[in-house]
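What follows is a single structure, written as structure tokens, with notes after it.
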Amino acid sequence: MKTARLYSFDDIRIEDIPVPEPGPRDALVRTRACGICSGDVMPWYIEKKAPVVVGHEPAGVIVAVGEDVTSYKKGDRVFVHHHAPCTDCRYCRRGDYVQCETWRSSRIIPGGVAEYILVPSVNLEHDTIVIPDTMSFEDATLIEPVACVVKGLRRTRVKSGDTVLMIGLGVMGMIHVLLLKRYGAGRVIAADRNPYRLDKALGFGADGVIDVTTTGLRQGLQDLTGGEMAELVVVGPNSAEAMMQGMECVRPGGQVLFFTPAKPGEQLTVDPNYLYFRDIDIITSYSCGPDDTADACDLVAQKVVSADKLVTHRFPIERTDEAFKLTARAGESLKSLIVFQ
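In this note's numbering, the protein residues as written are 116 to 456.
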């Protein structure tokens with residue numbers, strides 16, 4: 116079978132390897148589509164895993180199951196999460212699935228951009244979802260990224276009528292725009308430097324946009340809110356500078372959600388009294404767990420988030436390198452998929 120293996124960000128090779136053999140409690144999935152994650156086009160993040168078969172947003176059809184598998188069968192159309200928790204450790208009992216050692220060590224084999232995927236038993240039983248017949252495979256690839264947004268918004272305390280500022284309008288920022296009002300936001304303001312993405316955000320329901328190339332972020336928010344700023348600021352870009360800007364845009368009593376990690380070596384220096392006397396909460400949110408993917412599947416099934424809205428480019432596996440480069444350029448594109456015949 117064909118796979119797309121990354122050796123460095125500028126070196127992604129299409130390689131033939133044997134189709135994996137499922138064990139007694141495993142399943143084999145024929146991949147029909149896999150998304151390219153915006154996190155995977157951060158070279159520092161993906162290259163530390165190299166060499167690696169890329170992709171962790173797959174959907175496909177089960178073509179074989181082990182003899183001890185009873186919950187799934189050949190022919191099931193599924194979304195597969197690349198990490199799955201044990202469900203029994205202290206972290207799992209608290210719902211902190213991403214801190215579970217099993218979650219962190221689990222994986223799909225060899226990766227999402229492969230013609231076939233071996234789903235180990237822990238992933239199969241603890242975070243694989245049979246998708247509705249009405250859901251396309253392209254839609255199903257969005258379950259994992261939507262789940263990451265669901266988790267982040269759960270960790271915030273958005274209240275009815277709140278003003279929310281979304282900084283950064285890559286595909287994850289756009290998913291926030293699509294979901295925020297379902298989580299209680301009264302007004303959504305989106306900021307970016309890309310006119311294409313600013314226009315898209317307005318089409319997806321943003322109440323106002325800030326072009327940071329013409330108006331400073333803080334000044335733009337002041338202008339749109341009459342100086343009241345935002346109860347919640349979601350920081351999308353992976354930089355400490357963006358995090359600092361986010362903290363400058365939140366109103367007293369508000370929250371700042373760091374949705375993406377900063378680059379290695381960056382430091383965030385903040386006056387603790389600025390946070391303390393303003394009662395500002397800093398919230399982080401890393402990846403997602405099975406409760407989030409279940410809710411995300413419902414949202415995708417309802418077409419709140421869909422491939423029709425977000426997928427702008429589709430590539431065969433042989434053009435995986437092109438899909439990565441397009442996603443990294445962050446131009447007139449949102450979501451790129453690798454699709455399989």
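Think of the CB as a built atom: it goes at the ideal place given N, C-alpha and C, for glycine as much as any other residue. Quick caveat: nothing in here was measured; it's all calculated off a predicted structure.
Under a three-way DSSP split, which group does Pro173 fall into?
The answer is strand: DSSP assigns Pro173 an E or B state.
Buried versus exposed, by CB contacts within 10 Å (16 or more), Asp183
exposed
Using a threshold of 8 angstroms, state whether the C-beta atoms of Thr375 and Gly351 are closer than that.
yes
Write down the C-beta distance between Ile432 and Ala357 rounded to the nearest angstrom, noting that I regard them as a contact closer than 8 angstroms.
So it is not a contact: roughly 33 angstroms between Cβ atoms.
Coil, strand or helix - Pro310 by DSSP:
helix
At a cut of 8 angstroms, does the region 153 to 161 reach the region 213 to 223 through at least three beta carbon pairs?
Touching, no, given that fewer than three Cβ pairs across the two stretches are closer than 8 angstroms.
Just tell me which of Ala119, Met250, Ser186 and Thr256 has its CA closest to the CA of His241.
If you compare the alpha carbons of Ala119, Met250, Ser186 and Thr256 with that of His241, the shortest gap goes to Ser186.
Give the DSSP bridge partners of Ala438, in chain order.
Paired residue(s): none; Ala438 is not in a bridge.
Just to check my reading of the structure: Thr435 and Ala119 have Cβ atoms closer than 8 angstroms, yes? What is that Cβ distance to the nearest angstrom?
4 angstroms
Neighbour-count burial assignment, Thr249, 16 or more Cβ in a 10 Å radius:
By the 10 Å Cβ count, Thr249 comes out exposed.
Helix or strand or just coil, what does DSSP make of Glu130?
strand
Would the beta-carbon of Val371 fall within 8 angstroms of that of Met362?
yes
Can you tell me where the beta strand (DSSP E) holding Tyr231 begins and where it ends?
Tyr231 to Val234
Ordered along the chain, which non-local residues of its own chain (more than five positions away) have a Cβ less than 6 angstroms from that of Ala416?
Pro247 and Met250
Proximal residues to Val419 (C-beta, below 8 angstroms), its chain only, five neighbours per side dropped:
Within the same chain, Cβ atoms closer than 8 angstroms to the Cβ of Val419 are found at Leu293, Leu294 and Arg297, the five residues on either side in sequence being excluded.
Just confirm the distance between the C-beta atoms of Ile232 and Val144, as a whole number of angstroms; I'd bet it's less than 8 angstroms.
5 angstroms
Validate contact between the region 300 to 307 and the region 271 to 278 using beta carbons, cut 8 angstroms, 3 pairs
yes
CB Leu390 to CB Val273, shorter than 8 angstroms?
no
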